[in-house]
Amino acid sequence: MDILVQILLNAVIAGAIYTLIALGFTLMYSTAKFFDLGYGALIAVGGYATYWSYKQIDLPVWLAIGIGVATAGLLAFLVERFIYRKLRERKASGTILLIASLGVLTIIQAVIAIIFSSQFQTLSKNIGSTRTFNIAGGVITDVQALIFISGLVIMTGVGIVLSRTLFGKAVRAVADDSTVASIVGINSPRILGIVAAVGGAIGGLSGIAVGFDTGIEPLMGMSLLLKGVIAAIIGGIGSIYGAVLGAFLLALIENLGAWQFAGEWKDAIAFAVLIAFLLFRPKGILSK
Amino acid sequence: MSKNLWLGLGAVVIVAAVIWFGVATKKAPTETGPIRIGASLPLTGEAASLGEQTKAGIELAQKEINDAGGIGGRQVEVIFEDDKCAKDGADVFNKLVSLDKVAAIIGPLCSSAAGPGLPIAQANHVPTVFWASAPGLTKAGEYVFRTYPSDAFQGKFAAEYIYNTLGKHKAAVLYVNNDYGKGLSDVFAARFKELGGEVVENEGVTQTATDMRTELSKIKAADPEALYMALYPGSGVVAVKQAKAIGLSAVRFGGDALDLKEFTSVPEAEGAMYSVGKFNQPEAFATKLKQGTGTDINIYSVLGYDAFRLLASVISSVGTDSQKVRDALAAVNYTEGVALSEISFDADRDLKTAQYEVHLVHNGSAEIVK
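Residue numbers (our numbering), protein chains in the order written: chain R, 2 to 289; chain D, 137 to 506.
Encoded structure:
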């Protein structure tokens, strides 16, 4: 039975990482309404900004994580403000924005590779101090427990802000219809900028989490982004709790599949799940 | 929408014009211009560090030869292309062969790039010296030569070492699912079973996998005495970290791709072992490399240096005619190499002799196991 427990725990760890990515993505997607590939690069930006401040200039770990999150959020804001907003003002279609975001992704990845080289880097410094917890015969590390907890905290935080605050109301109004929101006096571009910064910061945090758990490389964002997107879609795009449910469901199916068949099947299984949802339940588990 | 369509069409026309212009104005190499050598290396992606090491070695050799007057009075130009350690090797070879019209090619060092690349060199009769190690690669044809032992030797060596020397008779295999990992793990598993050992799990992971927990959990449940890791450095780091996290205690043994700082400096790699081709990495060369390129010595820089000097020595004696270069390589007995005191090829254009040694990771670096 031990192996099943461990596999369930593995699914929880993977699900926690997917949760972070899906939360940031669904937040940005539901307001900006286009498939932002650049989000994948922000994941790497968070990881590398932390790598730089923690391992290259030796700042304390919490400060380094803060710098990583802030850098990703700031960059997301700048990209929204100076690229996507300009395009939107010219009534660019979603396709144009998608292509622009592909450009953003490629440029950021290339710049990271030039600055830090393409080597696989680890964020953790001294592993001797890693604590592990035994749960019913399975093991998780302290880093993984932290990732799981931060996923839940951010989900709750975003959920509360969206449902209980005036700002959240404005975000939801923009998500419903940005033109109407503008007519009733909501500053849509400003809301989009703030949402991009928050979404980017969450994406950056997910990159930092992956970096501490395993490691970072410049091209890490794309495959993680796709997993986050699948989670967001099967959970019901635009729904915060749906994204979390989708993330854990996806991780569970992937890991059970890897257990029963072989690890190489993980990606194939993930996308098969996506296609099944698109065909039979296109609005996801929790449709709005 | 029609405006977008026009924009798109315009872009296509411009790109096509640029490409055509580039091709049309490229001068064909003449007997008096520089000699062009192509290099197909991973310069981005997971194996980029290996490519950068190789590049440093090649550049050092190129500088030495050009400073000494070139080959037969002609300077040597090296065209580095990024094969990303992947099937992009085909694009790289196509470009080097048909656009740059190189006299010879160095690389690839990744089997997944060599697989699609080498047949192109063969079809165009461009002599190629490479050191990707998947067993079948030299079957591409008579124009491709390997200055590194084939994994057919390495997998066998590892199986024998784990079974006989370490005395572990129950092994699990974790491999990166590409030509390198698959080739190495197949040879390993076959030899290990032949010796009487048991292979209890055989799990493949993708080249970019960052989550192998479930594969490792299955392996842990099968309770092996040894874990054979046919992995690249990045996936190797992930594997040792996650193996430690789930409490897998088997002896960890890997292949030559793990012979890099980024693997050996990871604390969880402590105690892991790997086999690596036995090559000389003399101090004098290390100093020269550091001074010339600012790079620390590594087997890949030495191999790049040797491959370049080997080609230079052959070309200086027979010229750039591809048939002559090929024949000279087939018959070569090169004794000026740094890594190997003798390079000569067997009928399959593989090295005549192959030796391995085992490295043990200890305190963040690799020690040779005597």
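Backbone N, C-alpha and C fix where the C-beta goes; we use that ideal spot for every residue, glycine too.
- The closest CA to that of D:M365, considering only D:T471, D:K199, D:A326, D:D392, is found on D:D392.
- D:Y299 carries a helical assignment under DSSP once its states are collapsed to helix, strand and coil.
- Taking 8 Å as the threshold, the shortest C-beta distance from R:G264 to chain D falls below it.
- The continuous stretches of alpha helix (DSSP H) do not include D:K306, which lies in the beta strand (DSSP E) extending over residues 306-312.
- In the structure shown, R:S118 falls within a coil segment according to DSSP collapsed to helix, strand and coil.
- A straight line joining the alpha-carbon of R:I286 with that of D:E330 spans about 51 Å.
- Judged by DSSP secondary structure, R:I254 falls within the alpha helix (DSSP H) whose first and last residues are 241-261.
- Chain-order list of chain D residues neighbouring R:E218: E182, G370, by C-beta distance under 7 Å.
- The alpha carbon of D:E398 has as its nearest neighbour, out of R:L103, R:L167, R:F168, R:L124, the alpha carbon of R:L124.
- Residue contact with chain D for R:A248: absent (no Cβ-Cβ distance below 8 Å to any residue of chain D).
- Among the residues facing chain R, D:T346 is included, as its CB has a counterpart in that chain under 8 Å away.
- In the three-state DSSP reduction, D:Y441 falls in the helix class (H, G or I).
- Under the three-state reduction of DSSP output, D:S480 falls in the coil class, being neither helix nor strand.
- Near chain R, meaning a CB-to-CB distance below 7 Å, the residues of the stretch 330-341 of chain D are E339, G340, V341.
- In the DSSP annotation of this structure, the continuous segment of the alpha helix (DSSP H) that includes R:A73 starts and ends at 62-80.
- Separation of D:P255 and D:G277 (C-alpha to C-alpha, rounded to the nearest whole angstrom) is 7 Å.
- Boundaries of the alpha helix (DSSP H) harbouring R:S151: 143-165, taken from the DSSP string.
- Distances from the CA of D:A257 to each of D:A362, D:P360, D:A175, D:Q198 were compared; the closest alpha carbon is that of D:A175.
- Contact between R:A45 and R:A198 fails: their C-beta atoms lie close to 17 Å from each other, not under 8 Å.
- The stretch 242-275 of chain D is shown to contain whole beta strand (DSSP E) runs of 3 or more residues at 264-266, in chain order.
- Within the DSSP bridge table, the entry for D:D218 names D:L177 as partners.
- For D:K414 against D:E478, the beta-carbon gap comes to about 13 Å, at or over 8 Å, which does not count as contact.
- About 7 Å separates the beta carbons of D:S371 and D:Q343, which is inside the 8 Å limit, making them a contact pair.
- With its beta carbon less than 8 Å from one in chain R, D:E351 belongs to the interface.
- Of D:R388, D:A475, D:S449, the smallest CA-CA separation from D:A467 is found for D:S449.
- Its chain contains I234, I235, G285 as the residues whose beta carbon lies nearer than 7 Å to that of R:F278, once the 5 sequence neighbours on both sides are disregarded; these appear in chain order.
- Neighbours of R:F121 in chain D, taken as residues at a C-beta separation under 8 Å, are given in chain order as E182, P369, G370, V373, E398.
- At least one CB atom of chain D sits nearer than 8 Å to the CB of R:I14.
- DSSP assignment within the stretch 304-366 of chain D yields the following whole alpha helix (DSSP H) runs of 4 residues or more, N-terminal first: 315-330, 349-358.
- The Cβ atoms of R:S119 and D:T429 lie no closer than 8 Å to each other.
- In the DSSP annotation of this structure, the continuous segment of the beta strand (DSSP E) that includes D:A502 starts and ends at 501-505.
- For the options R:D268, R:T133, R:P283, the alpha carbon positioned closest to that of D:G383 is the one of R:T133.
- One alpha carbon belongs to R:F35, the other to R:V274, and they sit about 22 Å apart.
- If you check each beta-carbon in the stretch 387-416 of chain D against every beta-carbon of chain R, the ones closer than 8 Å belong to E398, V402, P403, E404.
- Buried is the label assigned to D:D395, since at least 16 other Cβ atoms lie within 10 Å of its Cβ.
- In summary, the residues of the stretch 298-314 of chain D whose CB is separated from some CB of chain R by less than 7 Å are N313, in the order they occur in the chain.
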